[in-house]
Every structure is written in C-alpha cells, then in structure tokens.
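**Student:** Mapping to our numbering: the sequence shown position 142 is 153, numbers consecutive. The C-beta atom is built at its ideal place from N, Cα and C for all residues, glycine as well.
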Amino acid sequence: MWWFITPSKIAFGEDALDALNEIKGQRALIITDKIITNLGYTKLIEKRLRDNGFEVECFDDVEPEPSTEVIYKALNIANNFQPDWFIAVGGGSSMDTAKATWVLYERPDKKIEEISPLEPLGLRKKARFVCIPTTSGTGSESTWAIVITDKKDLRKMELASREVLPDLVILDPKLVISMPPRLTADTGLDALTHAIEAYVATWRNDFSDALAEKAAELIFKYLPRAYKNGNDLEAREKMHYAADMAGMAFSNSQIGIAHALGHALGAIFHIPHGRSVGLFLPYSIQYNWKYASDRYNKLAEKAGLNLRLDQAVLNLLKEIEQPFTIKQLNISKNDYDKRLDMLVSRAMESTAIIVNPRPVDEKECKKLFEYAYEGLPIDF
12 MWWFITPSKI AFGEDALDAL NEIKGQRALI ITDKIITNLG YTKLIEKRLR
62 DNGFEVECFD DVEPEPSTEV IYKALNIANN FQPDWFIAVG GGSSMDTAKA
112 TWVLYERPDK KIEEISPLEP LGLRKKARFV CIPTTSGTGS ESTWAIVITD
162 KKDLRKMELA SREVLPDLVI LDPKLVISMP PRLTADTGLD ALTHAIEAYV
212 ATWRNDFSDA LAEKAAELIF KYLPRAYKNG NDLEAREKMH YAADMAGMAF
262 SNSQIGIAHA LGHALGAIFH IPHGRSVGLF LPYSIQYNWK YASDRYNKLA
312 EKAGLNLRLD QAVLNLLKEI EQPFTIKQLN ISKNDYDKRL DMLVSRAMES
362 TAIIVNPRPV DEKECKKLFE YAYEGLPIDF
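(1) For the pair the stretch 361-377 and the stretch 194-212, tell me if three or more CB-CB distances fall below 8 Å.
(2) What's the C-alpha gap between Leu170 and Leu50?
(3) Which residues in the same chain as Ser219 place their Cβ atom closer than 6 Å to its Cβ, once the five residues preceding and following it in sequence are excluded?
(4) Could you please give the first and the last residue of the uninterrupted beta strand (DSSP E) stretch that includes Lys167?
(5) Is the beta carbon of Thr79 sitting closer than 8 Å to the one on Ile157?
(6) Closest to Val187 by CA distance: which of Pro293, Arg357, Trp155, Lys249 is it?
(7) Among Thr146, His270, Lys84, Lys309, which residue has its Cα nearest to the Cα of Tyr252?
(8) Evaluate Ala119 with the Cβ neighbour count: other Cβ atoms within 10 Å of its Cβ, from every protein chain shown; 16 or more gives buried, anything less gives exposed.
(9) Can you tell me whether DSSP reads Leu327 as helix, strand or coil?
(10) Could you check the C-alpha separation between Asn91 and Ala85 for me, to the nearest Å?
(11) Can you tell me which of the three DSSP states Pro235 falls into?
(12) Go to Arg247, then tell me how far its alpha helix (DSSP H) extends in each direction, as first and last residue.
(13) Buried or exposed: which applies to Gly24, given that a residue is buried once 16 or more other Cβ atoms fall within 10 Å of its Cβ?
(14) With three or more C-beta pairs closer than 8 Å as the rule, is the stretch 66-73 touching the stretch 121-128?
(15) Considering only the beta carbon of each residue, do Cys142 and Met106 sit closer than 8 Å?
(16) So, helix, strand or coil for Asp161, using DSSP?
(17) How should Gly133 be labelled, buried or exposed, when 16 other C-beta atoms within 10 angstroms of its C-beta is the threshold for buried?
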C-alpha cells in the first residue's frame, strides 16, 4: 500500500494571505530571516495575525542552509513564548528551521538527528503549522523533508516525517516579486530538479507523475521570463505554483542522484542548494539515460520540448546564466581534488540515491564529480 500525502490546505492566488484570518489560537511564532524582515513581509504577517487576535513573537535569525545551532536558538524562543502556531515565512531555510524547531518544541526528548519517518512524533498536541513561501523553488511548504546542516561535520542531515506537513500553505505570487534574478534562477532550478527526479524515481506513481509533468512544463516556459523580468506577475505566479507542485511530486516519490551530489557539494563548499543540484541535473540525466530514457523522453514531450531533456536543461542553465560546471563556481581543481573523497562519501550516504533509477556505486559517483568539474558529457 502507498500513501499520497499533501498539506491539509493550500490557499493560492490574489489575497491568499486572507487565509490567516481562518486560523484560531492565541500565540503565533513567526520564523523567518532578516531579508524578509527588511522587505516588510514580517510586519505584514504580524499585522494580519494581530488583527486576528494573536500575540506574536518573531525569530528572524534564520540563515541560508540552516544549522543545528540556529534550530536551538529558535527553540529557546519557542519554549519561552509557548506558541500554538508556528508561521514559517521565507524560503526553504525558514521552513526547514520551523519544521525542526516545531518537532523539538513538541518533543523535547528528541534530538534533531532522531527525526525519522519510521517513528511517530505525535505532533499537534501543542501547536500547528503554516508555511508562507517567499521563493519559488524548494517546495518545502508541501514536503515532509527537513534538511539541516551540521557545520562541524560538513554534512547535510536529510530528515523527514510525514507529520511536519503544514496545516496551511499560503501561495501569494506578490511575495516573490522581490526575488533578485540570481535567487530566481537558483530556486527555479531546485524546483525543476525536484520535478525531473520525481518523474524517474523508482518510487514514482501516477499522482506524482501528473504533478511533475505540469511543474516541468511550467518551469521550462516561465523560469526564463521570471529571471529576465521579475515584475512579470504571470511568470512569478506560474513559477510559484510549479515549485509547489514539484514539491508535492518529489515528497511522494523521492529525489535522485542530482540531489545527493548537490547536497555534498553545497555542504562542503557552501554553494546555494538550488545552484548545486541544478548544476548536476544534466549530468544525472546522462548518467541515468540507459535506465530511464523512456521516462525522460516522455517528460520532454509533456513539457513541449523538441530536444533531449539533458540538452534542454543545459540550454536553460545557459539562458538564465547559471553555472553548469564545478569550475565555473571558482573552486580550484587542487582544492576540489583534496575534498573529492569526502564529496563521494557524503553523496553515497545520501538517502536520495536509494530510488535513483540507476544503481550508484562509489567508483561511478567519483567519476560523476570528476566529469562535472570540467563539464564532460557522461559516457559511462
């Protein structure tokens, strides 16, 4: 038996923030970052909540690729304030921080690394959860994944629990207009990688397929427009919905080797998540081609493309001025080679390779890292 799991409710379109009027409670803790606060979005959400009768506290020290240290800082605020709602506002980092903080708030007996889909957590005895994404990419608002960085060990912990899916997701396209071009590209590639990997994962299903197909179609069409003109509200809206669809797709079928490689590179060399996984996406397609060419071809057809999917991805990377080799990230070959074994070790530990259509071993994983440095086509 399989399950298809999504957030309880998704509010989208104009005035989607009005959905905050529907939640009932006394205290709401907003978890976000300084950028969102400086943009004025935090005050906007605070006012909505206060008008609905809530006391409001804000933690806005979320960092990119959130660390265990940040989680415990947020947890200290939560324990003192005792919220009955967690409100995540921002990108994937804010949502992952909120998810982990919420779990530890309700389960003080747990450590971060103990969050697992195999063990019930019994959440919602103390609080519920809202996600308001302000980027279009991670899909974290509709997934049960939590990615937290262990800075000491240079490792990204891939945690998960079905219980951390939000009670309410609010998709308001106006909140993503302020994204700069580079962030638009990074997050958009993250969403595309989710859609493509969900479509070829060995745990794929009819429900995830439908979402992945539509997400890929929208991203290939609208990401270049959103990148070139951030005020293109139609492109922003379509990308915002596509990211959420891709999130629901991979949350119910899982991801693949591009994420395994990208997580390793991002943790060790501090490269933004979307940029890392997007860089590895064309190489992962080439690597998996003999095992999943029919799926890739079908997805390309559904997305309205007239060329091979890996080439379409490379063309997109170039169009939105994203790196497609490790060398373009200004990582020296000497430094890269010194850490190559660690990169391989981290990637092989990733749960993302479990459902990759082609089995992965350490030798081939190392070759993938080597080929991606110079941008060589995968021929093994």
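**Tutor:** According to the structure data:
(1) yes
(2) 30 Å
(3) Ala209, Ala260, Asn263, Ser264
(4) 166-171
(5) no
(6) Lys249
(7) Thr146
(8) Strictly speaking, residue 119 in this sequence is Pro, with Ala absent from that position. Exposed, because fewer than 16 other Cβ atoms sit within 10 Å of the Cβ of Pro119.
(9) helix
(10) 10 Å
(11) helix
(12) 244-262
(13) exposed
(14) no
(15) yes
(16) strand
(17) exposed
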